[in-house]
Amino acid sequence: MINESFKRRLFWIGQSKIVRGTSAFVAVIVLWEFLSSLRLYNTLLFPGPRRIAMAFSDMFVSGEWFGDLRDSGVRYSLGFVLGSVIGVGLGTLTGRIPVLRDTLGVLLNYMRSTPSVALIPLVIVWFGIGEEAKVFVVAWGVTFPVWVNTHSGIAEVEKEYVWAARSLGAEGSDLYWEVYLPRAVPFVIAGTRIAIATGFFSLAAAEMAGAFGGVAFRIFHSHQMFRTDKMMVGILTIGALGVLCDRLFVSLTGWLLPWWRGESQLDK
Amino acid sequence: MMVDFLYRPEHFEMNAPFNEQGERAIDTASYLREATGVISMERKRHGRAKVWLVAFILVACALVALVVYVRNGQRNGSTDVTKITYAMPVTVAAIPAYVAAEKGFWTDEGLDVRPEMFSAGRLALDALLAQNAEVMSVSETPLMHAILQGNKIYIVATVTDHQEVKFIGRRDKGIADPKDLRGKRIATLPGTNSDYFMYEFLKASGMDIGDVKVTNLSPPDMVTALVQGNIDGYFAWEPHVSYARKQLGDNVVVFGPSELYHGRHCVAMNQDFVRAHPEVVEKLIRGLVRAEEYVKAHPEESMAIVAKRTGMEVDALKALWPEYKVRVGLDKDLTQILDREGKWARGINKSPEPLPDWRQFLYPDAIGRVRGVPVNLEP
Amino acid sequence: MITVENISVAYRQRGQSVVALENLSFTVADEEFLCILGPSGCGKSTALHVIGGFIPLTTGVVRHNGQMVRGPGKERGVVFQQHNLFPWKTVEENIGFGPRMRGETKQRRKEIVSDYIKIIGLMGFERSYPEELSVGMKQRVALARAFANDPEVLLMDEPFASLDSQTALTMRQLLLKIWSQRRKMVIFVTHDIDEAILLADRVLVLSSRPGKLKGEFRIQLPRPRTSECLVTPHYVDLKKTILSSCHSEVMG
Numbered sequence: 064m065i066n067e068s069f070k071r072r073l074f075w076i077g078q079s080k081i082v083r084g085t086s087a088f089v090a091v092i093v094l095w096e097f098l099s100s101l102r103l104y105n106t107l108l109f110p111g112p113r114r115i116a117m118a119f120s121d122m123f124v125s126g127e128w129f130g131d132l133r134d135s136g137v138r139y140s141l142g143f144v145l146g147s148v149i150g151v152g153l154g155t156l157t158g159r160i161p162v163l164r165d166t167l168g169v170l171l172n173y174m175r176s177t178p179s180v181a182l183i184p185l186v187i188v189w190f191g192i193g194e195e196a197k198v199f200v201v202a203w204g205v206t207f208p209v210w211v212n213t214h215s216g217i218a219e220v221e222k223e224y225v226w227a228a229r230s231l232g233a234e235g236s237d238l239y240w241e242v243y244l245p246r247a248v249p250f251v252i253a254g255t256r257i258a259i260a261t262g263f264f265s266l267a268a269a270e271m272a273g274a275f276g277g278v279a280f281r282i283f284h285s286h287q288m289f290r291t292d293k294m295m296v297g298i299l300t301i302g303a304l305g306v307l308c309d310r311l312f313v314s315l316t317g318w319l320l321p322w323w324r325g326e327s328q329l330d331k
Numbered sequence: 007m008m009v010d011f012l013y014r015p016e017h018f019e020m021n022a023p024f025n026e027q028g029e030r031a032i033d034t035a036s037y038l039r040e041a042t043g044v045i046s047m048e049r050k051r052h053g054r055a056k057v058w059l060v061a062f063i064l065v066a067c068a069l070v071a072l073v074v075y076v077r078n079g080q081r082n083g084s085t086d087v088t089k090i091t092y093a094m095p096v097t098v099a100a101i102p103a104y105v106a107a108e109k110g111f112w113t114d115e116g117l118d119v120r121p122e123m124f125s126a127g128r129l130a131l132d133a134l135l136a137q138n139a140e141v142m143s144v145s146e147t148p149l150m151h152a153i154l155q156g157n158k159i160y161i162v163a164t165v166t167d168h169q170e171v172k173f174i175g176r177r178d179k180g181i182a183d184p185k186d187l188r189g190k191r192i193a194t195l196p197g198t199n200s201d202y203f204m205y206e207f208l209k210a211s212g213m214d215i216g217d218v219k220v221t222n223l224s225p226p227d228m229v230t231a232l233v234q235g236n237i238d239g240y241f242a243w244e245p246h247v248s249y250a251r252k253q254l255g256d257n258v259v260v261f262g263p264s265e266l267y268h269g270r271h272c273v274a275m276n277q278d279f280v281r282a283h284p285e286v287v288e289k290l291i292r293g294l295v296r297a298e299e300y301v302k303a304h305p306e307e308s309m310a311i312v313a314k315r316t317g318m319e320v321d322a323l324k325a326l327w328p329e330y331k332v333r334v335g336l337d338k339d340l341t342q343i344l345d346r347e348g349k350w351a352r353g354i355n356k357s358p359e360p361l362p363d364w365r366q367f368l369y370p371d372a373i374g375r376v377r378g379v380p381v382n383l384e385p
Numbered sequence: 009m010i011t012v013e014n015i016s017v018a019y020r021q022r023g024q025s026v027v028a029l030e031n032l033s034f035t036v037a038d039e040e041f042l043c044i045l046g047p048s049g050c051g052k053s054t055a056l057h058v059i060g061g062f063i064p065l066t067t068g069v070v071r072h073n074g075q076m077v078r079g080p081g082k083e084r085g086v087v088f089q090q091h092n093l094f095p096w097k098t099v100e101e102n103i104g105f106g107p108r109m110r111g112e113t114k115q116r117r118k119e120i121v122s123d124y125i126k127i128i129g130l131m132g133f134e135r136s137y138p139e140e141l142s143v144g145m146k147q148r149v150a151l152a153r154a155f156a157n158d159p160e161v162l163l164m165d166e167p168f169a170s171l172d173s174q175t176a177l178t179m180r181q182l183l184l185k186i187w188s189q190r191r192k193m194v195i196f197v198t199h200d201i202d203e204a205i206l207l208a209d210r211v212l213v214l215s216s217r218p219g220k221l222k223g224e225f226r227i228q229l230p231r232p233r234t235s236e237c238l239v240t241p242h243y244v245d246l247k248k249t250i251l252s253s254c255h256s257e258v259m260g
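Chains as they are written, first to last, in my numbering: chain A, 64 to 331; chain B, 7 to 385; chain C, 9 to 260.
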């Protein structure tokens, strides 16, 4: 008979988020390895975890994996920063100034629907195949979610805040810095968080044309060379990178801006 | 009172001391709820929910396994097969396949072939390996890669000999002679015959990959990049070389493969399928042989068919037509070509494993029966 | 002194013209505590917003010391029912906001802020963010913020309506206490008769939409007013009078 306090300890462990998350991954890996060993499908097209792990250790030891991370990392970071800055800048303009909202805003909304992948041929024409082209594509993917959310945030600032600020003597640019921008910050954060993911999609598109290195490039190149195991390493790496960036972002914003988490409680 | 481990944490009173059995007291509210039976019902619900979840996962797995198994069975186990899918890449070298499809030569043999177009040979090969198509054709290089990775395919015929892979470079970037490639920015598509041709081309001038700045692009992007001046030259196949030449005129120099490389457009199928349905292979090849005769007899019409399938202009096609020789067959030259390319591939991947016996991946029986002459693959 | 001269406010809503206020006129003297009383939707908040310069008039004019009111300004402070405090600023940053806009030195600001923190009884909460405070505490800070800027006029739009009755009682006493030490004109909008009588020198009763002046009552209860005066006969009389004025409204 398993005694009660052991059962209870097990129960508490089962409540832990870390334990649950890790068990999910472990279960998937085990199931995957099992299915692939059954050879129900062509495992050369979709290798199992063991082959992927071996390919990864090769790429790790040879330094190829790090080189790819570095190449992709630089492109992504530059593109992300560029896109965020442009997105916030445009959002504060179109959110506040009606003329710009109805002109520039309409144009931006149209451009928003163009996926980065479709843009690649044009980008090659305008920027060539160097790093600027890739940073541009990443920035394209990042700018629009940031712009849309900044615009919403600025446009939907509660009028009472503006009125109160003005009744306390704030005017003109004071209002921007003291009321509009801070109020819009949660929206900007939400938009930027989305942009993290879309930035990765754009990175993948950018590296498929005219690159020599990078995680997405490696996926593409491995596919051409029939190295599906290396291809899977790349795919899993990009997924992990995305999750990592997201977590970092959430922690960073939670630390820098402790007040915004309580947004929903304001109207108690 | 006894505490069952399925209670949720809020039922525990956090500050209460442990009793003699080493458990914490339950707070009054929870006790009351339990007394009225609400908690015990919840516990039962939770318990049942877990059972349902596990059952669901097991059933889902079983279903997936069943579907995959049945699909495999259908492909290889069923008796008479009259409908198959042919994964065709968009490329001029696939001339006999396009003509056979258009003129219904396979239907005449009693075989219903559904052509499915793919933008690249590599993708068509994926379709075959994933068993979404029964037959496909492509240049020999992707097939060589696939065989090296252990894929169980048969090359049942080569249908076109071609010399469509070329190098094109800009004169104003200083390229007039093959040796001028040193230090230049050159594009190629990895894993394809243009990639291999680049290796042979550089080797012939005493260079290797490290002596040029290689970038990877798809052929249409190569055209743009060369015209823009982002690259100095590239290795690709027609019509992507002609497109650039048209735009840059005299500013380019084109080097053909001449003796360095002879390409073959090959038809490949999965080994399981071939062994299970050799009659299908035979009908397939008969249709292709009829297409070969038709192309020789009606070149104009054949060009029109190919132009339609590839989206090229007929005039551009006419200029390139002499570079393609439609010849349905299988011979030992193919093994030599595969072997050379195999050494190159192993070299890139730095793999010490020995090369396979390429003849194991060729299927000469059907060709032999159609031509009436057995094929000799001995070296 | 504030003069409201024949103002009307109308706007379009779903294609229809809605008249919120019609030909409203009244004056308010310096350091007078005025309550505008009326049922929900009668336009009393609209009147306050117009006086504050937050929304435009359709006709008429509002003058503050003879000058037309064209927009918000630091001479007219405001306390709303909600969305008062800036959530991204701490309590002390909120209270110090007006002085900072005025250009006061850091030292002076600190003095003003700590003064008011003591008055409203929130010592220890200077560095808290609004989300960490209860509704009552937030309104206290809002009061402090408005007073700290020392405007000539204070506009208050049902500031205690979302508080429970206990907290509201405390808040009213707090308001009266601060106001008695720093006299200024207060225009206080409410739907609560008891509140109006307790706080005001004068009560204006507004009819339901479109808002028109229905009645005007001088409250002659002596100050300081505590909750005890809520049960004096004089108070009951006043309430009866005002009630009957309002009732004809509700029924009408």
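Glycine included, each C-beta is placed from N, C-alpha and C at the ideal position.
Note that the structure is predicted; figures quoted are calculated from it, not measured.
- A straight-line Cα-Cα distance of about 11 Å links B/K209 and B/W350.
- With a cutoff of 7 Å on beta-carbon distance, A/E223 and C/H242 are scored as not near each other.
- Here B/P95 carries a strand assignment [DSSP, helix/strand/coil].
- Neighbours of A/E221 across chain C, judged by C-beta separation under 7 Å: H91.
- Think of a sphere of 8 Å around the beta carbon of B/H151: the chain A residues whose beta carbon falls inside it are M288 and F289, in chain order.
- In this structure, the beta-carbon distance from B/T91 to B/E122 falls below 7 Å.
- With a cutoff of 7 Å on beta-carbon distance, A/F190 and B/T221 are scored as not near each other.
- Among the CB atoms of chain A, one or more fall inside 7 Å of the CB of B/V74.
- For a Cβ distance threshold of 8 Å, residue set H91 and F94 of chain C lies close to A/Y224, ordered along the chain.
- C/C50 carries a coil assignment under DSSP once its states are collapsed to helix, strand and coil.
- For C/K52, there are no C-beta contacts with chain A under 8 Å, since the nearest C-beta of that chain is about 16 Å from it.
- Here B/W364 is buried. Its C-beta has 16 or more other C-beta atoms within 10 Å.
- Only residues of its own chain outside the window of five on either side were considered, and among them none has a CB closer than 6 Å to the CB of C/P64.
- Close to A/D237, with beta-carbon spacing below 7 Å, are these residues of chain C in chain order: M109.
- Boundaries cannot be given for C/K82, as no alpha helix (DSSP H) includes it and DSSP labels it neither H nor E.
- Across the structure, B/Q155 and A/G77 are spaced so that their CA atoms are roughly 43 Å apart.
- Spatial neighbours of B/K338 in its own chain (CB-CB distance under 8 Å, excluding positions within 5 residues in sequence) are listed in chain order as N382, L383, E384 and P385.
- Among the bridge pairs identified by DSSP, B/H168 is matched with B/G269 and B/Y330.
- The Cβ of C/G104 sits no closer than 7 Å to any Cβ of chain A.
- When C-alpha distances from C/V149 are compared across C/H199, C/P167 and C/F41, the shortest belongs to C/P167.
- For A/M117, the secondary structure class from DSSP, reduced to helix, strand or coil, is helix.
- For a Cβ distance threshold of 7 Å, residue set W226 of chain A lies close to C/F62, ordered along the chain.
- Taken through DSSP and simplified to helix, strand or coil, C/F34 comes out as strand.
- Secondary structure note for B/V260: its beta strand (DSSP E) is the uninterrupted segment V258 to F261.
- B/E306 and A/N212 have their C-alpha atoms roughly 59 Å apart.
- Judged by pairs of C-beta atoms under 8 Å, the stretch 42 to 53 of chain C does not touch the stretch 119 to 135 of chain C, as fewer than three such pairs exist.
- Within 9 Å of the CB of C/P167, no CB atom of chain A is found; the nearest one sits about 12 Å away.
- The beta-bridge partner set that DSSP reports for B/A242 consists of B/K172.
- Around A/L167, the same chain offers L153, L156 and T157 as residues with beta carbons nearer than 8 Å, after the five sequence neighbours per side are excluded.
- DSSP places B/P121 in the uninterrupted beta strand (DSSP E) bounded by D118 to F124.
- Look at the stretch 88 to 113 of chain A: the residues with a C-beta under 7 Å from a C-beta of chain B are L103, Y104, N105, L107 and L108.
- The DSSP-derived three-state label of A/F283 is helix.
- Excluding its 5 nearest sequence neighbours in each direction, A/E234 has no C-beta neighbour in its own chain below 8 Å.
- Legend: CB atoms of the stretch 31 to 52 of chain C lying less than 9 Å from CB atoms of chain A are not found in any residue.
- Of the residues A/K80, A/R71, A/L311 and A/L108, the one whose Cα lies closest to the Cα of B/N138 is A/L108.
- CA-CA distance, C/T198 to A/M174, rounds to 50 Å.
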